[in-house]
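If you read the sequence shown in my numbering, its first letter stands for residue 131, the second for the next number, and so on.
Heads up: the structure comes next, in structure tokens.
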Amino acid sequence: MEDTAAFLRWFEERRAANHYRVTPVPLDGLDGWRFDPVTGNLGHRSGGFFTVEGIEASLGEDVGTWTQPIIIQDEIGILGILVQRFGGVPYCLMQAKMEPGNVNTLQLSPTVQATRSNYTRVHRGNAVPYLEFFVDPRRGRRVFDALQSEQGSWFLAKRNRNMIVEVPEGAEVPAHDNFRWVSLPLLKDLLRIDNVVNMDSRTVLSGLPFLYGEQPEAPAPHTTAEILSWFTEARSSHVLERRRIPLNQVKGWSRGPERIEHERGAFFTVLGVDVEASSREVARWSQPLLAPVDRGVVAFLGRRSGPDADWQVLVHAQSEAGTSDVVEMSPTVNCVPGNYAHLPAGLRPPFLDHVLSAPASRIRFDTVLSEEGGRFHAAENRYLLVEVPDDFPDRLPADFIWMTRRQLTGFVRYGNHVNVVARSLLACLMDQGNP
């Protein structure tokens, strides 16, 4: 299935073949969910899935201390992609999946995208297709298997197991309804189309280069040992203090019967939805969703020494309230510009203005992509790769470093090193040269 137009026709056919409806409802009216009368925390009656609680966090004197709602989801889910070669070309078994927070209802998901509550069937629904390839005793060759973090601004220390499993060429693995074998070249094309390939797919696809085994070292501005020393220094010197607090002790936020929102209308809201989806394990359910107020920007500044050289990207050691281990490797810019619009240039994120003012001639990748539609409502980021000019300054802030794309991909193998938006952007850059 090599043709983008043919794939998009199939995608629309799957949308038309199923029934989907998402209806906003007050948080107080969510079926199966309740606010704890003591803490105010919002949770499911089963004790599963996730809760919305409060957190108090500090990133040191420059930022100060703040409180906010945050999603607590301790259970570890599985995000897994099955790979098989047809005629020597890698194909990925992908799923046209509805998520209630998707801006366009249906997006391309991994073979398996399931929380532990889902695949252990807390909801008493249908079994998760293809799960047997990703749980012991599993079939196929494990290409990539790592516990990876998710959005640290909205989740507290949330992790999912990211997996790629390759089955032998010629093995019979039929594609069920809503599933399709998609070639790697086509996936690269689809990543350039707004809101087609979902976040869960992108984070797993960041591990796809391991399908090809160890790659030879390329010229790099820093050795791996130097990068690890920089990263260790960042983890040692950054301040991240936090503690969970009851939701009803969060300051600057209000909870009404309809939603939870910031007193200035900033950052995000928490709202409720009733969901109908004929293609999901359960046909009807209710849940809260976190809805960002504005679109974010996720960008690497990049450079290369020649047309065939690997990209060097400017990586930021970034802390967020929910980060598991103080800092993670993040893109050069990872923020919502609207949150800083009222601040002077000196207090805006470093290099944000470089990205926003870049001429079209220097933009090598530019696509709007969604974040996880199972927890977030209409959450989008503009993902970019911006090539820097020759006169870009050599002197960098201490928490930034140049590394090759291949070096950064190497750290994806290990959990809590490369954050979720950096992994997403790495997946998008697979077509910027060889995998």
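No residue lacks a Cβ here, since even glycine has one placed at the ideal position from N, Cα and C.
Computed from a prediction, not measured in an experiment: that's the story for all the values here.
Please report the straight-line C-alpha distance between residue i and residue j, rounded to a whole angstrom.
| i | j | result |
| --- | --- | --- |
| Gly504 | Asp521 | 43 Å |
| Glu299 | His392 | 53 Å |
| Val182 | Pro351 | 43 Å |
| Pro565 | Asn171 | Only weak support is given to the placement of Pro565: the predicted model assigns it a pLDDT of 44, under 50, and the value that follows is read from those uncertain coordinates. Approximately 44 Å, taken between the alpha carbons. |
| Arg543 | Val295 | 14 Å |
| Asn308 | Ala413 | 15 Å |
| Trp360 | Arg536 | 17 Å |
| Arg434 | Trp196 | 40 Å |
| Asn469 | Phe397 | 7 Å |
| Leu189 | Ala557 | 29 Å |
| Phe141 | Ile357 | 42 Å |
| Ala136 | Phe506 | 29 Å |
| Val485 | Ala552 | 16 Å |
With a threshold of 16 other CB atoms inside 10 Å of the CB of residue i, please say whether the residue is buried or exposed.
| i | result |
| --- | --- |
| His547 | buried |
| Phe179 | buried |
| Asp192 | exposed |
| Arg139 | exposed |
| Tyr260 | buried |
| Phe216 | exposed |
| Lys381 | exposed |
| Glu132 | exposed |
| Arg567 | An answer regarding residue 567 cannot be provided, because it is not within the stretch 131 to 565 covered by the chain. |
| Leu277 | exposed |
| Thr353 | exposed |
| Ser584 | For residue 584 there is no data in the structure shown, the boundaries of the chain being 131 and 565. |
| Arg525 | exposed |
| Gln379 | exposed |
| Asn549 | buried |
Would residue i and residue j be called neighbours here (beta carbons separated by less than 8 Å)?
| i | j | result |
| --- | --- | --- |
| Leu160 | Ser384 | no |
| Trp163 | His174 | yes |
| Leu419 | Phe495 | no |
| Phe541 | Met459 | yes |
| Val456 | Leu370 | yes |
| Asp103 | Thr134 | Outside the displayed range of the chain (131 to 565) lies residue 103, so it cannot be described from this structure. |
| Thr462 | His472 | no |
| Ile185 | Arg374 | yes |
| Val400 | Ile390 | yes |
| Ile208 | Arg291 | yes |
| Arg512 | Ala451 | no |
| Val168 | Gly402 | no |
Does the Cβ of residue i lie closer than 7 Å to at least one heavy atom of the ligand NAP?
| i | result |
| --- | --- |
| Lys288 | Absent from the structure shown: the ligand NAP. Ligands present: none. |
Residues bridged to residue i by DSSP?
| i | result |
| --- | --- |
| Leu138 | Looking at the DSSP assignment, Leu138 forms no beta bridge with any residue, so it has no partner. |
| Met293 | Gly210 and Asp275 |
| Ser500 | Glu510 |
| Trp532 | Leu444 |
So, is the C-beta of residue i closer than 8 Å to a C-beta in chain B?
| i | result |
| --- | --- |
| Leu261 | The structure shown contains no chain B; it holds only a single protein chain. |
*Cβ pair count under 8 Å reaching 3, the region 265-272 against the region 217-231*: no
*Indicate whether the contact test is met: 3 or more Cβ pairs, each with one atom in the region 320-337 and one in the region 422-435, closer than 8 Å.*
no
*asked:* Assess contact between the region 280-293 and the region 198-207, defined as three or more Cβ pairs (one per stretch) separated by less than 8 Å. Is contact present?
replied: yes
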